[in-house]
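The next block holds one structure in the form of structure tokens; read it before the comments.
2 protein chains.
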Amino acid sequence: MYEKKMEEELDCGIRVAFKIFGGKWKLCIIDAINRGIARPVDIYKSIPNATMRGIEIQLAELLFFGAVERCAEEVYPKKSEYKLTSLGESILPVLTKIDNWGAVHSEFVRQRQRELQDSE
Amino acid sequence: MYEKKMEEELDCGIRVAFKIFGGKWKLCIIDAINRGIARPVDIYKSIPNATMRGIEIQLAELLFFGAVERCAEEVYPKKSEYKLTSLGESILPVLTKIDNWGAVHSEFVRQRQRELQDSE
DNA sequence: ACAATAACCGAAAAAAGATTCGGTATGTGT
DNA sequence: ACACATACCGAATCTTTTTTCGGTTATTGT
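Have a look at this one:
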């Protein structure tokens, strides 16, 4: 994992939360796993524009902080599968709130974004 | 504002939401304003480790996307003041959820973070 | 056995994001 | 008038994050 040069403050809940699920694809990954998509390739395919390496890295971080775990059971066919831990599940209500807010305001935000691009 | 080189997808609520309040200090700023801290310097002073320029930039973005507005009323002494718009206020319940999650899990996260540093 | 797919990983490069620094303009207190 | 604080802004310079690329190892389908 990347070694920071500037001191990292985890002094408020916001910073702690973003440390865990603030990454570019983290909430999308958690959402995908929650919807039953367990394997890295499938998670990757379920998220438009994501890169495989990107998913791998973020998955590794979620694993490190215990939001996700690798399934140990050797099923047939033998595959790498991930599922949410209780910590990961505790993120779901927050994820829902964030996603809903974004969905409700997406048109407004996209419109504002377009105005920005047109003025350049 | 920064011009992106890679195509930016605002295809899910999560991405839209992070576009608006995903910045390093944005939720802290919204929280501060909500607590009645209206002036840039005061917001700056209320957030440990923030830089004045950082606050200015993020405030400008929040302003651009209409989460915050500058008070037009000319009070004495004349000062620059910001307050939440209805869009900004709609973020508050989400902010609370995020902050609470982080507060609840901060010890665990900090512990894991320490283990990471010790192993280096 | 062989080709294809999956799950990784390291390192370089690119992109995005934040900070530092130095500036202007304006308002305020004495 | 003067010193000082505030609100900005642009540009250079970091820092951090993400992507790209090129691997290795192992598993699956034929």
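Listed in order, the protein sequences are those of chains A and B. Read in this note's numbering, the first sequence has 709 at position 95, and its numbers run on one by one without any break. Read in this note's numbering, the second sequence has 698 at position 84, and its numbers run on one by one without any break. Yeah, the Cβ is synthetic: ideal placement off N, Cα and C, and Gly gets one too. Because the structure is a prediction, the values reported are computed rather than measured.
### the region 702-722 of chain A touching the region 651-668 of chain B, judged by at least three CB pairs closer than 8 Å
No, the region 702-722 of chain A does not touch the region 651-668 of chain B.
### Task
Measuring alpha carbon to alpha carbon, tell me which of B:622, B:666, B:636 ends up nearest residue 628 of chain A.
If we check each option's Cα against that of residue 628 of chain A, B:636 comes out closest.
### Query
Could one say the Cβ of residue 624 of chain A lies closer than 8 Å to chain B's Cβ atoms, at least one of them?
yes
### Bounding residues of the alpha helix (DSSP H) (the contiguous stretch that carries residue 698 of chain A)
For residue 698 of chain A, no alpha helix (DSSP H) segment is defined; the enclosing uninterrupted segment is the beta strand (DSSP E) at 696-698.
### Which listed residue (B:720, B:623, B:640, B:663) has its alpha carbon closest to that of residue 698 of chain B
B:640
### Query
Does any CB atom of chain B fall closer than 8 Å to the CB of residue 628 of chain A?
At least one chain B Cβ lies under 8 Å of residue 628 of chain A.
### Spatial distance of residue 718 of chain B from residue 730 of chain B (CA atoms)
20 Å
### Reduced DSSP secondary structure (H/G/I, E/B, other) of residue 683 of chain B
strand
### Query
Using a beta-carbon distance below 8 Å, is residue 700 of chain B in contact with chain A?
Taking Cβ atoms only, chain A never reaches closer than 8 Å to residue 700 of chain B, which makes this a no.
### Message
Does residue 674 of chain A pass the burial test, meaning 16 or more other C-beta atoms within 10 Å, or should it be called exposed?
### Response
Under this definition residue 674 of chain A is an exposed residue.
#### Entry: Nearest to residue 716 of chain A (by Cα), restricted to the options B:633, B:715, B:615
Checked all of B:633, B:715, B:615; the closest Cα to residue 716 of chain A is B:633.
### Message
For residue 664 of chain A and residue 658 of chain A, I'd like the C-alpha separation in whole angstroms.
### Response
6 Å
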